[in-house]
Amino acid sequence: MSASTTASRETLGFQTEVKQLLHLMIHSLYSNREIFLRELISNASDACDKLRFEALHNDALYENQSDLNIRISFDKEARTLTIADNGIGMSRDEVIANLGTIAKSGTRDFFSKLSGDQKKDANLIGQFGVGFYSAFIVADKVSVLTRRAGEKADQGVRWESDGGGEFSIEMVEKAARGTEITLHLREGQDDLLAGYKLREIIKKYSNHIVQPILMQKEEWKDGKYETLEEDETVNQASALWAKSKNDITEEQYKEFYKHVGHDFSDPLAWTHARVEGKQEYTQLLYIPGRAPFDLYDRQARHGIKLYVRRVFIMDDAEQLMPQYMRFVRGVVDSADLPLNVSREILQESKDIEAIRKGCTGKVLGLLSDLAENDKEKFAKFWGEFGQVLKEGIGEDFVNKDKIAALLRFATTKADTAEQIVSLQDYIGRMKDGQEKIYYVTAETFNAARNSPHLEVFRKKGIEVLLLSDRVDEWVVSNLHEFEGKQLVSVAKGGLDLGALEDEAEKKEQEKQVDEFKPLVERIKSSLADRVKEVRVTHRLTDSPACLVADEHDMSGNLARLLKASGQKMPNMQPILEINPGHPVVSRLQKEEAHFDDWAAVLFDQALLAEGGQLDDPASFVKRINQLMLEMGK
Numbered sequence: 001m002s003a004s005t006t007a008s009r010e011t012l013g014f015q016t017e018v019k020q021l022l023h024l025m026i027h028s029l030y031s032n033r034e035i036f037l038r039e040l041i042s043n044a045s046d047a048c049d050k051l052r053f054e055a056l057h058n059d060a061l062y063e064n065q066s067d068l069n070i071r072i073s074f075d076k077e078a079r080t081l082t083i084a085d086n087g088i089g090m091s092r093d094e095v096i097a098n099l100g101t102i103a104k105s106g107t108r109d110f111f112s113k114l115s116g117d118q119k120k121d122a123n124l125i126g127q128f129g130v131g132f133y134s135a136f137i138v139a140d141k142v143s144v145l146t147r148r149a150g151e152k153a154d155q156g157v158r159w160e161s162d163g164g165g166e167f168s169i170e171m172v173e174k175a176a177r178g179t180e181i182t183l184h185l186r187e188g189q190d191d192l193l194a195g196y197k198l199r200e201i202i203k204k205y206s207n208h209i210v211q212p213i214l215m216q217k218e219e220w221k222d223g224k225y226e227t228l229e230e231d232e233t234v235n236q237a238s239a240l241w242a243k244s245k246n247d248i249t250e251e252q253y254k255e256f257y258k259h260v261g262h263d264f265s266d267p268l269a270w271t272h273a274r275v276e277g278k279q280e281y282t283q284l285l286y287i288p289g290r291a292p293f294d295l296y297d298r299q300a301r302h303g304i305k306l307y308v309r310r311v312f313i314m315d316d317a318e319q320l321m322p323q324y325m326r327f328v329r330g331v332v333d334s335a336d337l338p339l340n341v342s343r344e345i346l347q348e349s350k351d352i353e354a355i356r357k358g359c360t361g362k363v364l365g366l367l368s369d370l371a372e373n374d375k376e377k378f379a380k381f382w383g384e385f386g387q388v389l390k391e392g393i394g395e396d397f398v399n400k401d402k403i404a405a406l407l408r409f410a411t412t413k414a415d416t417a418e419q420i421v422s423l424q425d426y427i428g429r430m431k432d433g434q435e436k437i438y439y440v441t442a443e444t445f446n447a448a449r450n451s452p453h454l455e456v457f458r459k460k461g462i463e464v465l466l467l468s469d470r471v472d473e474w475v476v477s478n479l480h481e482f483e484g485k486q487l488v489s490v491a492k493g494g495l496d497l498g499a500l501e502d503e504a505e506k507k508e509q510e511k512q513v514d515e516f517k518p519l520v521e522r523i524k525s526s527l528a529d530r531v532k533e534v535r536v537t538h539r540l541t542d543s544p545a546c547l548v549a550d551e552h553d554m555s556g557n558l559a560r561l562l563k564a565s566g567q568k569m570p571n572m573q574p575i576l577e578i579n580p581g582h583p584v585v586s587r588l589q590k591e592e593a594h595f596d597d598w599a600a601v602l603f604d605q606a607l608l609a610e611g612g613q614l615d616d617p618a619s620f621v622k623r624i625n626q627l628m629l630e631m632g633k
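Quick note: the sequence shown uses the UniProt record's numbering, first residue 1, plus one each step.
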């Protein structure tokens, strides 16, 4: 970060990502320019909430002024609009950290996804969170005057920028705590210098803000608005979640989500309930319409604001929601918790445990309702958050069955990965005599769909689940049955199709096992410690061989995933199964001179077919070339 200093005024350079965001903000979001006011009021509300929370432990922070509010004013002559709050304020270091950098993990990755297409990028910015920088949509210069609560008057800070590559910062006098943001409006933004227009925007986007939003009163006189000396509260200034559901419109629910979720698109669905009994609390929980950019960062703080008797306690109270529901946004307001509750206390609180259980149940109920009654919305949810919900199979034993009922998978009846079914759907169309749910795991949908392990299943018309998400290995290692039907990998253990095989097939298989016993032993001897076992298979119809894992061993796909993540893997040998009806296997029975080469190629091909990597690709190529030349003689 570059810096130059004149007296106490210092000029600093924005973080590269901030420059990119400012450029995109100005060019991509202009069509939705009014959101800047919602974002700045939302930030002001958060600052007031934070002061109230910190003042629980240190009353002196109120500086003898405990009435918290947000004030909107404008100056037609100077063409400025000011949003002021008497919340927590910022120190010099906090100003630089909050207004000069974006301290979000995954920021660089996020910006690499931007395409230059304004419409697409505007949507991505919404996922990232707009915030303070939205001021530059309508302003060509922004000034921030702030002082942190509890600091002396000479610890005020002034920050200014024209939205280019730099900002200036200096220490100034500021008598009152809190933050004032003054926007020097661009040409063509004159409608924002009218009280009626600002009131209209506030009521549309920020009516739900808990603190009063104050403006000078105006009255219509002699064909124009005249400003009066007294203030008026423009918003309803009451906790939306504390109202009866019947008194809240759909639009109000949506706008409150945008505030609490720092999103500017509508939520997909929500649930609002007051819980009474042993614990009393209100929950207003939302499922977003799209995934945030850092959804897969399990360390990122997400989601739920905790209030106690309408007093803000903390943002992102992760103890209120399990990790696999980190996409949920909203508010929980408890009547029972102490006002000075801390994150440490939350971890051990029985009350919190009960609230978490209740909130989890509510969200699962909402998702079940969508799955049953609004399939289009559920499909959208699944596309955005399905992989994260799958984590719950291994994390939430109590709700495992409910989560399992919500899972969706592609199958061998699908042409694309997007054609998905529930486990219930799968069971409903199982063949007569089928007792098990069959699945195959692979790194991609196409690798799963073309797996040689599926050949006998295709021949018999048995549907198989195609699992290609990374999390699917976690799912099947924790979900062993569904509605009494065992989940079985087609690539592990011996294949037992039970009633789906007829007696003639079984007799033929037994005969082949005896007939090919010498070949099996010879291949095993040739491959030595590369395989645990070699055996005749009846799961193949077109391929000469395949690799399977022993019943209780790790699957080849899981071993590869763990190895790719840097974990040290135990040395596990696969089982090589050979297809007695394949010409290559027949050739091997008669081979003498190049038997070891043929056996090695058979193994390597089977490894490649299931998505594995060869330890020695050069030797594989050399063998293939030699065998091709021999066959050509």
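Just so it is clear, CB atoms sit at the ideal spot from N, CA and C, and this is done for glycine as well.
{"Item": "Cβ neighbour criterion (16 or more within 10 Å) applied to ASP333", "Value": "buried"}
{"Item": "Within-8 Å CB hit, GLY394 to chain C", "Value": "This model lacks chain C altogether, as it is built from one protein chain only."}
{"Item": "Where the alpha helix (DSSP H) through ARG449 begins and ends", "Value": "445 to 449"}
{"Item": "Opening and closing residue of the beta strand (DSSP E) in which PHE74 lies", "Value": "70 to 75"}
{"Item": "Backbone CA spacing between ARG148 and ALA291 [nearest angstrom]", "Value": "34 Å"}
{"Item": "For LYS19, the nearest candidate out of GLU63, PHE167, GLY156 and GLU219 (CA to CA)", "Value": "PHE167"}
{"Item": "Neighbour-count burial assignment, LEU629, 16 or more Cβ in a 10 Å radius", "Value": "exposed"}
{"Item": "Closest by C-alpha distance to TYR307, when choosing among GLU255, VAL172, LYS258 and LEU346", "Value": "LEU346"}
{"Item": "Bridge partners - ASP85, DSSP secondary structure assignment", "Value": "ILE70 and THR179"}
{"Item": "Sequence-distant residues of the same chain with beta carbon closer than 8 Å to ASP351, five excluded per side", "Value": "GLN279, SER334, ASP336 and LEU337"}
{"Item": "At least 3 beta-carbon pairs within less than 8 Å: the region 535 to 543 vs the region 444 to 456", "Value": "yes"}
{"Item": "Neighbour-count burial assignment, SER45, 16 or more Cβ in a 10 Å radius", "Value": "buried"}
{"Item": "Outcome for LEU339 when other beta-carbon atoms lying within 10 angstroms are tallied against a minimum of 16", "Value": "exposed"}
{"Item": "For VAL144, the three-state DSSP class (helix, strand or coil)", "Value": "strand"}
{"Item": "CB of HIS208 within 8 Å of CB of PHE264, strictly", "Value": "no"}
{"Item": "Delimiting residues of the beta strand (DSSP E) encompassing TRP220", "Value": "213 to 221"}
{"Item": "GLU577 burial status per 10 Å Cβ neighbour count (16 or more: buried)", "Value": "buried"}
{"Item": "Beta-carbon spacing of VAL531, PRO574 below 8 Å", "Value": "yes"}
{"Item": "Chain-order list of residues whose beta-carbon lies under 7 Å from that of LYS254 (same chain, five-residue window excluded)", "Value": "ASP266 and PRO267"}
{"Item": "Option nearest VAL488 by Cα separation, candidates ASP425, ARG587, GLY156 and LYS436", "Value": "LYS436"}
{"Item": "Reduced DSSP secondary structure (H/G/I, E/B, other) of GLU54", "Value": "helix"}
{"Item": "Closest Cα partner of ILE304 within the set LYS507, ARG326 and GLY223", "Value": "ARG326"}
{"Item": "Alpha-carbon to alpha-carbon, THR441 and LEU467", "Value": "5 Å"}
{"Item": "Rounded distance between the beta-carbons of ILE462 and LEU519, thought under 8 Å", "Value": "So it is not a contact: roughly 29 Å between Cβ atoms."}
{"Item": "N-terminal and C-terminal residue of the alpha helix (DSSP H) that LEU370 is part of", "Value": "350 to 373"}
{"Item": "Closest residue to TYR196 among ARG186, THR179, TRP220 and GLY178 (Cα-Cα distance)", "Value": "TRP220"}
{"Item": "Terminal residues of the beta strand (DSSP E) in which ARG158 lies", "Value": "156 to 161"}
{"Item": "PRO288 and GLY261 closer than 8 Å at C-beta", "Value": "yes"}
{"Item": "Validate contact between the region 144 to 159 and the region 83 to 101 using beta carbons, cut 8 Å, 3 pairs", "Value": "yes"}
{"Item": "Among VAL584, LEU364 and ALA447, nearest to GLY611 - alpha-carbon criterion", "Value": "ALA447"}
{"Item": "Test item: CB-CB of residue 642 and ALA599 under 8 Å", "Value": "Look at the range of the chain in this structure, 1 to 633, and you will see that residue 642 is not part of it."}
{"Item": "Contacts around ILE169, its chain only, beta-carbon distance under 6 Å, and the 5 residues preceding and following it disregarded", "Value": "GLU10 and TRP159"}
{"Item": "Beta carbon of GLY163 nearer than 8 Å to that of PHE136", "Value": "yes"}
{"Item": "Distance CB(residue 663)-CB(GLU230) smaller than 8 Å", "Value": "No statement about residue 663 is possible, as the shown extent of the chain runs from 1 to 633 and does not include it."}
{"Item": "Buried versus exposed, by CB contacts within 10 Å (16 or more), VAL548", "Value": "buried"}
{"Item": "Which of helix, strand or coil DSSP assigns to PHE620", "Value": "helix"}
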